[in-house]
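Asker:
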Amino acid sequence: MGAEIDGETQVDMILETLPEMFDNFKLNYSMNKLNYSLPELIKELQTAETQLLKGKKGMERQTLLKQSLTPLAPRNRRKSATRRNRLERARTLRR
Numbered sequence: 001m002g003a004e005i006d007g008e009t010q011v012d013m014i015l016e017t018l019p020e021m022f023d024n025f026k027l028n029y030s031m032n033k034l035n036y037s038l039p040e041l042i043k044e045l046q047t048a049e050t051q052l053l054k055g056k057k058g059m060e061r062q063t064l065l066k067q068s069l070t071p072l073a074p075r076n077r078r079k080s081a082t083r084r085n086r087l088e089r090a091r092t093l094r095r
């Protein structure tokens, strides 16, 4: 059981177990034929994670902003249309 795993295999194992959010990182790594040592890979992954999380927060903010600027949902429009119909009926009955 005292087998050692060389650095290149360790890097490959780490890359294979990364979540989907790192797919672009893995693609860049293979397309540019990068060859990081284990400490370099960890540093690069930390940098990538920071950028990905900042981008994700920015996307969440944009989504919230879009939602706040979205006009009333159709459900609310129906309520106001129903209210208008009731008012019109009430006016008709008064005549």
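In case it helps, full-length UniProt numbering puts the sequence shown at residues 1 to 95.
C-beta: ideal position from N, C-alpha, C; glycine also.
1) Leaving out five residues on either side along the sequence, give the residues of the same chain with a beta carbon under 7 Å from the beta carbon of I14.
2) Could you tell me the alpha carbon to alpha carbon distance between E16 and K26, rounded to whole angstroms?
3) Assuming Q10 contacts L38 under a Cβ cut-off of 8 Å, what Cβ separation, rounded to an integer in Å, is found between them?
4) According to the Cβ coordinates, are L52 and M21 closer than 8 Å?
5) Return helix, strand or coil for R8, following the three-state DSSP convention.
Answerer: A quick look at the data gives this:
1) Within the sequence shown, the letter at position 14 stands for residue 14. Same-chain partners within the cutoff: L41.
2) Sequence index remark: in the sequence shown, residue 16 carries index 16 (1-based). Sequence index remark: in the sequence shown, residue 26 carries index 26 (1-based). Near 9 Å, if we compare the C-alpha coordinates of K26 and E16.
3) Looking up residue 10 in the sequence shown gives position 10. Looking up residue 38 in the sequence shown gives position 38. Confirmed, about 5 Å.
4) Translated into positions along the sequence shown, residue 52 becomes position 52. Translated into positions along the sequence shown, residue 21 becomes position 21. Yes, the pair counts as a contact, with Cβ atoms nearer than the cut-off.
5) In the sequence shown, the residue the question calls residue 8 occupies position 8. The question names Arg, yet the displayed sequence has Glu at residue 8. Here E8 sits in helix by DSSP.
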